[in-house]
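Worksheet: one structure, shown below.
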Amino acid sequence: MGFRDLPRPAQRYILYHMLISPTLIAWVVLPYYLLATGYEVLQVGALFTLMTVLGIPLQLLLGKVFTVRDLRLGLAAVDAMERAC
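Under the UniProt record's numbering, residues 1 to 85 are what the sequence shown spells out, in order.
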């Protein structure tokens, strides 16, 4: 069975997770890299906290935009931002 033989919703689901996977890698690798290059735990934690706080208004704005647009694209964008922060 090939990719094209799968039902359309299954194809979309697989593609969606392929787009989200790089952010998962960044979530694990980036803190390790920062710690390995000499940053302290407090600095790395502060950076991730800052990125999370800055992402809150952006998620709200995208939520308002995607109430009038295709909701599936909005859900994918919000999920990507959650995993990136």
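Each residue gets a CB set at the ideal place from its N, CA and C atoms; glycine is no exception. If you're wondering where the values come from, they're calculated on a predicted model, not measured in any experiment.
Local conformation of residue 86 per DSSP, three classes: Nothing can be reported for residue 86: it is not among the residues displayed for the chain, which extend from 1 to 85.
Gly38 lies in the alpha helix (DSSP H); which residues open and close that run? Looking at the DSSP string, Gly38 is not in any alpha helix (DSSP H), and its letter there is neither H nor E.
Please report the distance separating the alpha-carbon of Leu60 from that of Phe48. 19 angstroms
Since Met81 and Gly55 are thought to touch, with beta carbons under 8 angstroms apart, how far apart are those beta carbons, to the nearest angstrom? 5 angstroms
Local conformation of Val28 per DSSP, three classes: helix
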